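Colleague: Protein chains in written order, with my numbering: chain A, 2 to 113; chain B, 19 to 132.
Glycine residues also receive a C-beta, built at the ideal position from the N, C-alpha and C atoms.
Computed from a prediction, not measured in an experiment: that's the story for all the values here.
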């Protein structure tokens, strides 16, 4: 049973537009969420995180929104750049547990 | 230094071989992790070390044997692996704390078992 789901395996957007990547979770004990970006042949790179006490966190072009009642979070990238093309993983963590639970990833392609 | 390094980048081994994967970080992190990632799947946690002690083993077969010689190094010893163990093995580290925190990943070792 997948506790973190990324239902869109791929997304294509034009350069300069907004990219919105979505993630849903089922475990109500998750209280910390992270987004990672992964290029081929590299390890995941931490992008941005959000605690369940917040509903929004912003870092430059990246903003993560959390809707706890819907158990949904999203990553907005504005404006999108060709260098953003990668696989994006959503991950969740439960207080007191060391493991991150990852979603299956969304491949983002930003067209020049 | 905000990097996690892993060696080797690629490894091909037979089912009777013994090999080791190495991971190093100099960020002062006291938690280190091994993950396994199969193609088109998310990373799956294998082991967690906290202050050089094994704190989590996610029911990993004994043919995988982790070792943490000091706070900067993490090894994964491999023996009698199966072809289905072929995957990308990722090392990560984080600050110690009550949760996973932001984990910093290395580039991984691509393992092929023949």
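Return no unless some Cβ of chain A is closer than 8 Å to the Cβ of residue 105 of chain B.
Modeller: no
Colleague: Given residue 15 of chain A, which residues of its chain have a CB within under 7 Å of its CB, disregarding the five upstream and five downstream residues?
Modeller: 112
Colleague: From residue 34 of chain A to residue 103 of chain B, what distance separates their C-alpha atoms?
Modeller: 29 Å
Colleague: In chain B, which residues lie with their C-beta within 9 Å of the C-beta of residue 47 of chain A?
Modeller: 120, 121, 122 and 123
Colleague: Nearest CA to the CA of residue 66 of chain A: which residue from A:24, A:17 and A:18?
Modeller: Checking every option, the nearest Cα to that of residue 66 of chain A belongs to A:24.
Colleague: In the DSSP assignment, find the unbroken beta strand (DSSP E) run with residue 57 of chain B in it and report its ends.
Modeller: Element bounds for residue 57 of chain B: n/a, residue is neither H nor E.
Colleague: Among B:40, B:81, B:39 and B:88, whose alpha-carbon lies nearest the alpha-carbon of residue 71 of chain B?
Modeller: B:88
Colleague: Which chain A residues are close to residue 12 of chain B, counting only those with a beta carbon under 9 Å from its beta carbon?
Modeller: Residue 12 of chain B falls outside the range modelled here, since chain B spans only 19 to 132, and no answer is possible.
Colleague: Please tell me whether, using a cut-off of 7 Å, the distance from the CB of residue 99 of chain B to the nearest non-hydrogen atom of the ligand FAD is below it.
Modeller: Within the structure as shown, the ligand FAD is missing, as the structure has no ligands at all.
Colleague: I believe residue 120 of chain B touches residue 47 of chain A by the beta-carbon criterion, under 8 Å. Please report the beta-carbon distance rounded to the nearest angstrom.
Modeller: 5 Å
Colleague: Any idea which residues DSSP pairs residue 43 of chain B with across the strands?
Modeller: B:22
Colleague: In angstroms, rounded to a whole number, what distance separates the CA positions of residue 5 of chain A and residue 105 of chain B?
Modeller: 21 Å
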